[in-house]
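Notes follow once the structure below has been shown.
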Amino acid sequence: MAGAQPGVHALQLKPVCVSESLKRGSRFMKWDEDSSTVTPVTLRVDPQGYFLYWTDQNKETDLLDITYIKDARTGKCTKTPKEAKLRELLDVGNLVGRIENRMLTVVTGPDMVNIQYLNFMAFQEDVAKEWADELFSLASNLLAQNMVPDAHIYLIFRMFSTDRKRVETALESCNLPFSKSIMLKGLRRVGRGKVCN
28 MAGAQPGVHA LQLKPVCVSE SLKRGSRFMK WDEDSSTVTP VTLRVDPQGY FLYWTDQNKE
88 TDLLDITYIK DARTGKCTKT PKEAKLRELL DVGNLVGRIE NRMLTVVTGP DMVNIQYLNF
148 MAFQEDVAKE WADELFSLAS NLLAQNMVPD AHIYLIFRMF STDRKRVETA LESCNLPFSK
208 SIMLKGLRRV GRGKVCN
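As structure tokens, then:
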């Protein structure tokens, strides 16, 4: 066919870009239908786009690896609270508009069979929509899903900086770069606990 281009040109790989509003965070109500609990949280994404995390009023933080997100929904495809008690806790009677337009349901799991739902309610519809769109974009980014090994090692150091010695020992035992200087130079290899050139 004249003028046909290889399929590579059709695929545009875009670098991970986290919007300022996701980095800064937004207020949500996190709810769980099984336990009928509602917790005010601030939802954020780290600047590199690795994690979705939320912090409650007691400064306790939970996080989720964004690569485990299968979908982020708002509108009619979200989960909405069915129990009257839960609806009362969310105080949905005092809000104007449709409840599902304020809901953010994050579908997560290691595969499409073993999934769970994280349920959040925003205070404005546009906030829920922005988070659903941005999270889905981050989760489906091909560059993020196929990170280079050095990025994974950097991520391990960031995650476990409070317990650095244990992480370094674990990395060293797997013959992986076990100190920040070795990891960042990228030219050295680790062998039996000694740095080799």
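First residue of the sequence shown? That's 28 in this note's numbering, and the numbers climb one at a time after it. Glycine is no exception: its CB is placed at the ideal position from the N, C-alpha and C atoms.
Going by DSSP, ASP83 is part of the beta strand (DSSP E) stretching over 78-83. Comparing alpha carbon positions, the residue from ASN146, SER63, GLU199 closest to GLU110 is SER63.
As summarised for the region 101-147, the continuous alpha helix (DSSP H) elements at least 4 residues long and confined to that stretch are 111-117, given in chain order. Taking a 10 Å sphere around the C-beta of MET139, we find fewer than 16 other C-beta atoms and assign the residue as exposed. For ASP153, the enclosing alpha helix (DSSP H) starts and ends at 152-166. In the structure shown, the three-state DSSP call for SER53 is strand. A residue is called buried when at least 16 other Cβ atoms come within 10 angstroms of its Cβ; PHE55 meets this threshold and is buried.
Annotation for ASP83: THR66, VAL68 place their beta carbon closer than 6 angstroms to its own, counting only its chain and skipping 5 residues before and after.
Going by DSSP, THR69 is part of the beta strand (DSSP E) stretching over 64-72. Per the C-alpha coordinates, the member of SER200, GLU199, ASN202, GLU161 positioned closest to SER48 is GLU161. Taking the Cβ atoms as the reference, THR94 lies roughly 23 angstroms from MET130, outside the contact range of under 8 angstroms.
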